[in-house]
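Per full-length UniProt numbering, the sequence shown runs over residues 1 to 144.
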Amino acid sequence: MVGDTSEHESGHRAVAQEDEFRIEAWATSRENCLAEAVAAMVECFADVSGVRPTCVGRVRLAEPSDEDLLAALLDEVLCRLEEDGQVPVDVEANETEDGLDIRLALATVTDVRLTASPPTDVAWEDLRIRPGPYGWSCAITVDS
């Protein structure tokens with residue numbers, strides 16, 4: 001069950017649906033849940049196992065809601081992929097007074113094995129992120 005920490009404190013999965021993926025992630029904190037969502041989105045199109053980062057990128061997000069933070073973070077990943085040819089191989093999110101400080105360990109897209117076409121957009125329909133009895137969980141759809 002998503003969010004059940006009895007077996008796994010954090011994790012993610014992505015389910016392919018026609019021309020999109022439904023991503024679900026869960027963790028004990030909002031910040032780790034967001035990082036798991038990024039990992040799930042990357043796994044939709046790339047195998048980054050064993051890939052070493054070539055650089056580190058930082059981004060500060062100061063969005064008005066948790067839903068906005070989730071969408072903005074995934075949009076940032078898509079932007080870095082499209083504009084810079086970079087794929088996150090590790091993500092760390094830390095809360096700040098006005099939002100989040102995100103550290104992205106990045107590799108070039110040529111260093112990873114692509115397994116599908118990268119996503120092109122984050123859909124706002126059915127986007128959710130919220131705390132629950134076992135921690136935080138989120139779900140979002142990305143178009144491929």
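Where is the CB? At the ideal position from N, CA and C, for every residue including glycine.
- Here DSSP, grouped into helix, strand and coil, assigns Thr110 to helix.
- In the structure shown, Ala62 adopts coil according to DSSP, grouped into three states.
- When only Cα atoms are considered, Thr28 and Thr96 end up about 18 angstroms apart.
- In the DSSP assignment, Ala37 falls within the alpha helix (DSSP H) that extends over Arg30 to Glu43.
- Three or more beta-carbon pairs separated by less than 8 angstroms are not found between the region 6-22 and the region 77-90, which leaves the two stretches without contact.
- Between the alpha carbons of Arg22 and Leu61 lies a gap of roughly 23 angstroms.
- In this structure Val38 is buried. Its beta-carbon is surrounded by 16 or more other beta-carbon atoms within 10 angstroms.
- Counting only residues of its own chain and dropping the five nearest sequence neighbours on each side, Thr108 has a CB closer than 7 angstroms to the CB of Thr54, Gly85 and Gln86.
- Relative to Glu92, the option among Ala25, Cys33, Glu20 and Asp111 whose CA is nearest is Cys33.
- No Cβ-Cβ contact shorter than 7 angstroms links Asp90 with Thr120.
- Going by beta carbons, Ala71 and Val122 fall inside the 7 angstroms limit.
- For Asp98, there is no enclosing beta strand (DSSP E), as DSSP gives it neither H nor E.
- Annotated three-state conformation of Glu82 is helix, per DSSP.
- About 5 angstroms separates the CB atoms of Ser10 and Glu36; that is less than 8 angstroms, so the two are in contact.
- Annotation: the continuous beta strand (DSSP E) that includes Arg22 extends over Glu20 to Ala27.
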